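Chemist: Handing you this structure, nothing more for now.
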Amino acid sequence: GAVVSQHPSWVICKSGTSVKIECRSLDFQATTMFWYRQFPKQSLMLMATSNEGSKATYEQGVEKDKFLINHASLTLSTLTVTSAHPEDSSFYICSARAGLQPQHFGDGTRLSIL
Amino acid sequence: AQSVAQPEDQVNVAEGNPLTVKCTYSVSGNPYLFWYVQYPNRGLQFLLKYITGDNLVKGSYGFEAEFNKSQTSFHLKKPSALVSDSALYFCAVRARKAAGNKLTFGGGTRVLVKP
Numbered sequence: 001g002a003v004v005s006q007h008p009s010w011v012i013c014k015s016g017t018s019v020k021i022e023c024r025s026l027d028f029q030a031t032t033m034f035w036y037r038q039f040p041k042q043s044l045m046l047m048a049t050s051n052e053g054s055k056a057t058y059e060q061g062v063e064k065d066k067f068l069i070n071h072a073s074l075t076l077s078t079l080t081v082t083s084a085h086p087e088d089s090s091f092y093i094c095s096a097r098a099g100l101q102p103q104h105f106g107d108g109t110r111l112s113i114l
Numbered sequence: 001a002q003s004v005a006q007p008e009d010q011v012n013v014a015e016g017n018p019l020t021v022k023c024t025y026s027v028s029g030n031p032y033l034f035w036y037v038q039y040p041n042r043g044l045q046f047l048l049k050y051i052t053g054d055n056l057v058k059g060s061y062g063f064e065a066e067f068n069k070s071q072t073s074f075h076l077k078k079p080s081a082l083v084s085d086s087a088l089y090f091c092a093v094r095a096r097k098a099a100g101n102k103l104t105f106g107g108g109t110r111v112l113v114k115p
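Protein chains in written order, with my numbering: chain A, 1 to 114; chain B, 1 to 115.
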């Protein structure tokens with residue numbers, strides 16, 4: 001089946017640093033990639049949608065300058081959390097889709113900001 | 001706006017018994033419907049989808065779901081639950097002509113299968 005690889009799986013860093021999370025579709029070309037945030041015991045909150053080669057579309061309330069998304073190719077999207085603070089600590093999950101096929105998800109990145 | 005409701009926060013079932021996880025949806029037009037499962041500290045794994053055709057959809061790991069248009073429901077079922085089925089289950093809907101084709105998730109239902 002379709003495989004989405006997300007890296008790193010866990011990151012701990014100091015407040016004020018920037019963190020980059022990678023999301024790769026390993027065996028298909030992802031025309032659309034999605035970034036979600038999940039709080040403990042809650043559902044997924046869509047942060048942004050990106051199509052290859054174009055700017056990401058952010059959901060209301062998500063700061064685009066805080067969460068930089070790059071979708072440079074059909075197999076790679078990155079999320080950079082800039083100047084991270086403790087309130088940015090969360091579980092971030094990427095998802096990729098080819099056309100109208102089901103979305104496939106990465107294993108998530110647990111981000112802890114000290 | 002589209003929405004998904006999973007009325008049960010948690011479902012407890014004994015191993016070997018049937019498992020049902022409920023889902024109702026609201027969307028304009030015909031829906032695409034999905035079920036995903038999430039294990040601790042992992043992303044979501046795709047279980048099954050309804051696009052068109054037979055209302056009973058069979059998916060991975062022995063799960064199936066029945067699309068009921070009149071009741072706007074898409075309940076997930078498994079005839080005989082396993083302890084390893086204990087996880088968090090999400091129902092999701094996407095309108096066929098939604099701008100951006102975004103998935104909307106339900107709040108999730110935690111399934112606990114006891115030996």
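Just so you know, even glycine gets a beta-carbon here, dropped at the ideal spot from N, CA and C.
No experiment lies behind these values; they were computed from the predicted model shown.
(1) Mark residue 14 (chain B) as exposed unless 16 or more other C-beta atoms lie within 10 angstroms of its C-beta, in which case mark it buried.
(2) Is residue 158 (chain B) helix, strand or coil by DSSP?
(3) Using three-state DSSP, classify residue 3 (chain A) as helix, strand or coil.
(4) Decide yes or no for the touch test of the region 70-77 of chain B against the region 79-99 of chain A: beta carbon pairs closer than 8 angstroms, at least 3 of them.
(5) Based on Cα-Cα distance, which residue from B:61, B:51, B:62 and B:89 lies nearest to residue 101 (chain A)?
(6) Compare the C-beta of residue 76 (chain A) with all C-beta atoms of chain B and state if any pair is closer than 7 angstroms.
(7) Please identify the residue among A:8, A:24 and A:61 whose C-alpha is closest to the C-alpha of residue 70 (chain A).
(8) List, in order along the chain, the chain B residues whose C-beta lies closer than 9 angstroms to that of residue 107 (chain A)?
(9) Taking only three categories from DSSP, how would you classify residue 84 (chain B)?
(10) Could you check the C-alpha separation between residue 49 (chain B) and residue 8 (chain A) for me, to the nearest Å?
(11) Compute the Euclidean distance between the alpha carbons of residue 64 (chain A) and residue 79 (chain A), then round it to the nearest angstrom.
(12) How would you list, in chain order, the residues of chain B whose beta-carbon sits under 9 angstroms from the beta-carbon of residue 50 (chain A)?
(13) Verify the CB distance criterion: does residue 22 (chain B) have a CB-CB separation below 7 angstroms to chain A?
(14) Going by CA-CA distance only, name the one from B:88, B:22 and B:78 that's closest to residue 38 (chain A).
(15) Are there any heavy atoms of the ligand HEM lying less than 6 angstroms away from the beta-carbon of residue 58 (chain A), as far as the coordinates show?
(16) Where do the N-terminal and C-terminal ends of the beta strand (DSSP E) with residue 125 (chain B) fall, by residue?
(17) Alpha carbon to alpha carbon, how far is residue 60 (chain B) from residue 80 (chain B)?
(18) I need the DSSP call for residue 22 (chain A), collapsed to helix, strand or coil.
(19) Verify whether the separation of the beta carbon atoms of residue 33 (chain B) and residue 111 (chain B) is less than 7 angstroms.
(20) Around the Cβ of residue 31 (chain B), are there at least 16 other Cβ atoms within 10 angstroms (buried) or fewer (exposed)?
Modeler: Short version:
(1) Counted from its first residue, the second sequence places residue 14 (chain B) at position 14. Its Cβ having fewer than 16 others within 10 Å, residue 14 (chain B) is exposed.
(2) Summary: the structure shown does not reach residue 158 (chain B), with chain B confined to residues 1 through 115, and so no result is reported for it.
(3) Looking up residue 3 (chain A) in the first sequence gives position 3. Correct three-state label for residue 3 (chain A): coil.
(4) no
(5) For the purposes of this step, residue 101 (chain A) is identified with residue 101 of the first sequence, where counting begins at 1. Per the Cα distances, B:51.
(6) Taking the first residue of the first sequence as 1, we reach residue 76 (chain A) at position 76. Under the 7 angstroms criterion on CB atoms, residue 76 (chain A) is classed as non-interfacial with respect to chain B.
(7) Start at 1 with the first residue of the first sequence, and residue 70 (chain A) comes out as number 70. Measuring from the Cα of residue 70 (chain A), the nearest candidate turns out to be A:24.
(8) Position 107 of the first sequence holds residue 107 (chain A). Simply 41, 42 and 43.
(9) Against the second sequence, residue 84 (chain B) aligns to sequence position 84. Helix, per DSSP.
(10) Locating residue 49 (chain B) in the second sequence gives position 49, counting from the first residue. Locating residue 8 (chain A) in the first sequence gives position 8, counting from the first residue. Straight-line Cα distance between these residues: approximately 29 angstroms.
(11) To locate residue 64 (chain A), count along the first sequence from 1; it is residue 64. To locate residue 79 (chain A), count along the first sequence from 1; it is residue 79. Their backbone Cα atoms lie some 11 angstroms apart in a straight line.
(12) Within the first sequence, residue 50 (chain A) is the residue found at index 50, counting from 1. The contacting residues do not exist; residue 50 (chain A) stays about 11 angstroms from chain B at best.
(13) Walking along the second sequence from the start, residue 22 (chain B) turns up at place 22. Cβ-Cβ to chain A under 7 angstroms: no for residue 22 (chain B).
(14) Within the first sequence, the letter at position 38 stands for residue 38 (chain A). Among B:88, B:22 and B:78, the Cα nearest to that of residue 38 (chain A) is on B:88.
(15) Ligands displayed in this structure: none; no statement on the ligand HEM is therefore possible.
(16) No statement about residue 125 (chain B) is possible, as the shown extent of chain B runs from 1 to 115 and does not include it.
(17) Here residue 60 (chain B) refers to the residue found at position 60 of the second sequence. Here residue 80 (chain B) refers to the residue found at position 80 of the second sequence. Residue 60 (chain B) and residue 80 (chain B): Cα-Cα distance of roughly 14 angstroms.
(18) Translated into the one-based positions of the first sequence, residue 22 (chain A) becomes position 22. Residue 22 (chain A) falls in the strand class under three-state DSSP.
(19) On the second sequence, residue 33 (chain B) is found 33 positions in, with the first residue counted as 1. On the second sequence, residue 111 (chain B) is found 111 positions in, with the first residue counted as 1. With contacts defined as CB atoms closer than 7 angstroms, residue 33 (chain B) and residue 111 (chain B) fail to qualify as a contacting pair.
(20) Reading the second sequence from its first residue, position 31 is the one you call residue 31 (chain B). By the neighbour-count rule (16 or more Cβ atoms within 10 Å), residue 31 (chain B) is buried.
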